[in-house]
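Numbering (the working numbering), first residue to last: 8 to 310.
The beta-carbon is built from N, C-alpha and C at its ideal position, and this holds for glycine as well.
In this text, all values refer to a predicted model and were calculated from it rather than measured experimentally.
Heads up: the structure comes next, in structure tokens.
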Amino acid sequence: MVSGISSRRDMITRTKTGDSIFQYDISLRKYTSFKTGGIAEIFVEPKSVSELREVLRFCMREQKKIFVLGNGTNILIQDDGVKGVVISMGGACFKEIKRYGMYVSSGAGVSLVELMRRVATWGLGGLSSLAGIPGSVGGAVMMNAGGKYGSISETIHSVTTVSFHGEIKKFSRKEIDFPYRGCSLREEIVLEVELLLRESHKERTFKEMNTIYREKREKQPFGTLNAGCIFKNPQGFKAAELIDKAGLKGVKVGGAIVSEKHANFIINSEGATSNDILDLIKMIQNSVLEKYNVMLETELHFW
Ligand SMILES: Cc1cc2nc3c(=O)[nH]c(=O)nc-3n(C[C@H](O)[C@H](O)[C@H](O)COP(=O)(O)OP(=O)(O)OC[C@H]3O[C@@H](n4cnc5c(N)ncnc54)[C@H](O)[C@@H]3O)c2cc1C
């Protein structure tokens, strides 16, 4: 697909069209659920694994920082933007779902919603706990996405990645640690995940998913611009309860506001900037630390 490096600013071009695969100074706002943040120096959506590896070689050679983008539902991008290469995993080549008996392999760019629906239709269960999470499969692996009913790591059999140095690797489940909302993979881009699921009646699985989805809809500020829970639950506490008890529901910084419905959500209500959101996060942390001597750790990732 990729013809090679030219001396122009457009460093990598596609053979068929001669077009650069790089886009410059792209606003990242539309790529995140918060709808805030500045521009990417370089933005690229690879159309194949070989194209992705060529981009990675470019990044290594030019010493460009790498930012991997899934659905952007758990990141806050600074208003000044990011210097480096943002690699979107939204290309069609990362959106395949295949089944082999009880095993399902999914590309990193597949949305969790699509994956859950597909496996449920095949009479497979094990993913209902992910209902209501708007991320991609790659993002879900890196975040060990889930909730009180379980998390994605419980079904993972293996993860195929490409390292920032371009090496393709396959990790078995036991080679990866999945702490609460985290993953031990570093400088790796998730390409594909293999899940081991269980047999389940289609109707029962859809019912489970709908029940969990409805439960979340009741408790969370659906339909607003947010990035899910901002803070991890500290050992023995619920972050939302601490924030609520500290009297912070409805507190605002610029256009960013602590949700009245769920205190662990910050909403971009009136054209908030990322700085507004960041300042509100710091204010919440300071207030909860002062009142309860608990330092809230963020679940949100920062670029
Ligand atoms: C309304 C709402 C509800 C939510 N509810 C939940 C919930 O119940 N439980 C929960 O766990 N989360 C929840 N979230 C947060 C979020 O959806 C999850 O963390 C999700 O897994 C993030 O996936 P993403 O594709 O959007 O990742 P992004 O936000 O794009 O990225 C998150 C991190 O993963 C990295 N990443 C993304 N894709 C890849 C890849 N292919 N390879 C390597 N690194 C990658 C990014 O670099 C970044 O560091 C919610 C968010 C919203 C907006």
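### Query
Considering only the beta carbon of each residue, do GLY142 and ASN81 sit closer than 8 Å?
It is a contact, given that the beta carbons lie within the stated cut-off.
### Task
Determine the direct distance from the alpha carbon of LEU285 to that of SER14, and round the result to whole angstroms.
Caution is warranted here: a pLDDT of 41 is assigned to SER14, below 50, making its placement in the model unreliable, and no coordinate value can be reported.
### Query
Which of helix, strand or coil does DSSP assign to ILE46?
In the three-state DSSP reduction, ILE46 falls in the strand class (E or B).
### Message
From the DSSP secondary-structure annotation, give me the bridge partner or partners of LEU63.
### Response
Answer is none; LEU63 lacks a bridge partner.
### Query
Is the closest heavy atom of ligand 1 to the C-beta of ILE196 under 7 Å?
Result yes, Cβ under 7 Å from ligand 1.
### Cα-Cα separation between SER10 and THR20, rounded to whole angstroms
Because SER10 carries a pLDDT of 41, less than 50, the predicted location of this residue cannot be relied on, and the following value inherits that uncertainty. Roughly 6 Å separates the two Cα atoms.
### Task
Would you give the residue range spanned by the alpha helix (DSSP H) that THR168 belongs to?
Counting along the chain, THR168 falls outside any alpha helix (DSSP H), though it belongs to the beta strand (DSSP E) covering 163-170.
### Query
Under a Cβ-count criterion, where at least 16 other Cβ atoms within 10 Å of its own Cβ denotes burial, should SER207 be classed as buried or exposed?
Buried is the call here.
#### Entry: Residues near VAL301 by beta carbon distance below 7 Å, same chain, minus five either side
Excluding sequence neighbours, VAL301 sits near PRO241, PHE244, LEU249, VAL295.
### Message
Can you give me the C-alpha to C-alpha distance between ALA247 and ARG211, rounded to a whole angstrom?
### Response
Distance between the alpha carbons of ALA247 and ARG211: 31 Å.
### Task
May I ask which residues mark the beginning and end of the alpha helix (DSSP H) holding GLU297?
281-299 is the span of the alpha helix (DSSP H), which, as asked, contains GLU297.
### Query
For TYR107, is the classification buried or exposed, using 16 other Cβ atoms within 10 angstroms of its Cβ as the cut-off for buried?
In this structure TYR107 is exposed. Its beta-carbon is surrounded by fewer than 16 other beta-carbon atoms within 10 angstroms.
### With 16 other Cβ atoms within 10 Å as the buried cut-off, status of ALA47
Under this definition ALA47 is a buried residue.
### Query
In angstroms, rounded to a whole number, what distance separates the CA positions of ALA253 and ILE291?
Between ALA253 and ILE291, the C-alpha separation is close to 9 Å.
### Task
Taking LEU5 and LEU137 to be in contact with their CB atoms under 8 Å, please state how far apart those CB atoms are, rounded to whole angstroms.
Past the edges of the chain, shown from 8 to 310, lies residue 5, and the structure says nothing about it.
#### Entry: CB contact check: ASP87 to chain B, cutoff 8 Å
Among the protein chains of the structure shown there is no chain B, as only one such chain exists.
### Query
Distance, Cα to Cα, ARG126 vs LYS214?
Note that residue 126 is Val in the sequence shown, not Arg. About 14 Å.
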